[in-house]
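**Student:** What follows is a structure written as structure tokens; I'll ask about it next.
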Amino acid sequence: MDKKELINCGKVKSVYNSSDDDKVIIEFRDDITAGDGARKEVMTNKGAYNAIISTKIFKVLEENGIETQFVDLPEPNVMIAKKLEMIPIEVIVRNIATGSLVRKYPIADGTRLEPPVVEMDYKDDEYHDPMLNFSLIQALGIATQEEVDILIEKALKINEILRKFFADAGIVLVDFKIEFGKDKDGNIILGDEISPDGCRLWDSETLEMMDKELFRKGKDDEVMDAYIEVYNRIIPDEEKVI
Ligand code: C5P
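All residue numbers for the sequence shown refer to this note's numbering, where the first residue is 989 and numbers rise by one.
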């Protein structure tokens, strides 16, 4: 499948139209950013590791009844995906309080959150992804109440599946961000990616970070080793393509 015109150039991924009107080609680049893109570096093969990790996670979710955008991974950093109209909401699920939650609310870092906390942020770097609620979502014309209910239900189900999946690999799924879109029939489908860029992942034994938080904290030289460790733990040898 050949790339046609670039339809979206995000901070770390480029999305192209393809010869099939219902599919897009997503190139995972080697860029890594923090602070709404204020800091940016390039890390060799980071795009491929994220694309392969995301592919594995999307396949696990599909096996567990969650429809995703994933179609194929013809090259280590190139994904073919269903074309979706993305909903500009970042759905965040938290199992352990940390990050912006403990900066904004009186909850101690490391507190287990049971039931998990679900947040929705407006995906807009210019406004620094402000937190949404139901009435703001309606006022902004982003989604209906029914659609928001579906996002929350799917996000919690995804959390249950992935918590177990990562636990089996000796990793604690602390929190993560996901995005959804609508297909041409209006079905709400999981899109974007699930990778160490948008998750907090801690080693179950040592609680060491294995995700982009290392980059946010300026530990740039530890980032790729952490991503590769996640890759090695969750990708079986026969599925390793790099
Ligand atoms: O920074 P904060 O604590 O709100 O992040 C919660 C989770 O959502 C983290 O796993 C982070 O990686 C992810 N996130 C993201 N993109 C954003 C905001 C948060 O992937 N724009």
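All residues carry an ideal CB built from backbone N, CA and C; glycine is no exception. Owing to the predicted nature of the structure, the values given are computational and were not obtained by experimental measurement.
Where does the unbroken beta strand (DSSP E) through Y1110 begin, and where does it stop?
**Tutor:** That run of the beta strand (DSSP E) goes R1100 to Y1110.
**Student:** Considering only the alpha carbon of each residue, which of D1180, V1059, V1048 and E1073 lies closest to V1079?
**Tutor:** It is D1180 whose Cα lies nearest to the Cα of V1079.
**Student:** Please name the residue or residues paired with V1012 in a DSSP beta bridge.
**Tutor:** Per DSSP, N1005 and A1069.
**Student:** Touch check for the segment 1117–1130 and the segment 1138–1154: three-plus C-beta pairs under 8 Å?
**Tutor:** The segment 1117–1130, when compared against the segment 1138–1154, does not touch it at the 8 Å Cβ threshold.
**Student:** Using 8 Å as the cut-off, can you tell me whether the segment 1102–1112 makes contact with the segment 1180–1193, which would need three or more C-beta pairs spanning the two stretches below that distance?
**Tutor:** In short, these stretches do not touch, since the Cβ pair count stays below three.
**Student:** Within its chain, find whatever has a CB closer than 6 Å to the CB of K1165; leave out the 5 residues flanking it on each side and keep chain order.
**Tutor:** Closer than 6 Å at the Cβ level, and outside the excluded window around K1165, lie E1078, I1080 and G1186.
**Student:** Would you kindly check if the distance between the Cβ of F1016 and the Cβ of G998 is under 7 Å?
**Tutor:** It is not a contact, given that the beta carbons lie outside the stated cut-off.
**Student:** With three or more C-beta pairs closer than 8 Å as the rule, is the segment 1125–1139 touching the segment 1055–1064?
**Tutor:** No, because fewer than three Cβ pairs between the segment 1055–1064 and the segment 1125–1139 fall closer than 8 Å, the two stretches do not touch.
**Student:** Which of the three DSSP states is assigned to I1084 in this structure?
**Tutor:** Note: I1084 maps to strand in three-state DSSP.
**Student:** In its own chain, which residues sit with a C-beta less than 8 Å from the C-beta of I995, not counting the 5 before and 5 after it?
**Tutor:** Within the same chain, I995 has close Cβ partners V1003, Y1004, N1005 and V1012.
**Student:** Pull up the CB-CB distance for M1074 and A1039, whole angstroms please, since I reckon it's below 8 Å.
**Tutor:** Between A1039 and M1074 the Cβ distance is about 18 Å, and since that is not below 8 Å, they are no contact.
**Student:** I need the DSSP call for N1147, collapsed to helix, strand or coil.
**Tutor:** N1147 falls in the helix class under three-state DSSP.
**Student:** Say the cut is 6 Å; is the CB of D958 nearer than that to a heavy atom of ligand 1?
**Tutor:** Outside the shown range of the chain, which is 989 to 1230, sits residue 958, and nothing can be said about it.
**Student:** In terms of residues, what are the limits of the beta strand (DSSP E) holding G1169?
**Tutor:** Here the beta strand (DSSP E) through G1169 covers I1159 to K1170.
**Student:** How far does the beta strand (DSSP E) with D1060 in it reach, from first residue to last?
**Tutor:** Looking at the DSSP string, the run of the beta strand (DSSP E) that includes D1060 is F1058 to E1063.
**Student:** Closer than 6 Å: is that where the CB of F1164 sits relative to any heavy atom of ligand 1?
**Tutor:** Yes.
**Student:** Can you tell me whether DSSP reads T1043 as helix, strand or coil?
**Tutor:** Correct three-state label for T1043: helix.
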